[in-house]
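Take a look at the structure set out below.
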Amino acid sequence: MSLRQKAYGYVTYKPRTERQVRDHYRSLDYTAEEIDGVVEWLYEFRLLDDRLFAERFVAASKEQRPMSRRAMAQKLTQKGVPADVIDTVLANDVDDDADRAAALAVAHKKLRMMKADLSDKERVDKLIRFLQYRGYPWPVIKDVLTSLPS
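The sequence shown begins at 6 in the numbering used here and counts up one residue at a time.
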């Protein structure tokens, strides 16, 4: 099986970034020239597109596992999406209202899952730590806390 066939299967199985493709084939001991050639080929056939990858990631995140803008940027950076692409996609797709709505949805779900025997202070403290862990900034957390029922 040729490298192009392997790469085709690799990127069509699930969306990948250029860096993921390069790292994968580097770990399989392909040469830099072979990897460059297959990456160029994947771009020609529009099978590799970091911007489209980032847009799909943000859309899936909104639907399946809401997270803050900062957490999305961090995950995309880990996957190898260039910073300018991340900034553009997040500026277009995630605004402050969407960040607050996502934080509120996450907070409601977390509160439903918390033990009933916790005091109000313990519940609030746990919720704050959870939202901070998810990457929400303090102004968003404060808005969520004030909009939750007492």
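Ideal Cβ placement from N, Cα and C applies to all residues, glycine included. These numbers come from a predicted model, not from an experiment.
Judged by DSSP secondary structure, Phe58 falls within the alpha helix (DSSP H) whose first and last residues are Asp55 to Gln69. Under the three-state reduction of DSSP, Lys19 is assigned to coil, being neither helix nor strand.
Cβ neighbours of Gln25 within its own chain (closer than 8 Å, five residues either side excluded): Lys84 and Gly85. Closest in C-alpha terms to Pro154, from the list Gln137, Met118, Phe135 and Leu109, comes Leu109. Taking a cut-off of 8 Å on C-beta distances, the stretch 48-59 does not touch the stretch 101-118, as fewer than three cross pairs fall below it. Exclusion of the five residues before and after Val129 leaves Leu150 as the residues of its chain whose Cβ lies within less than 8 Å of its Cβ.
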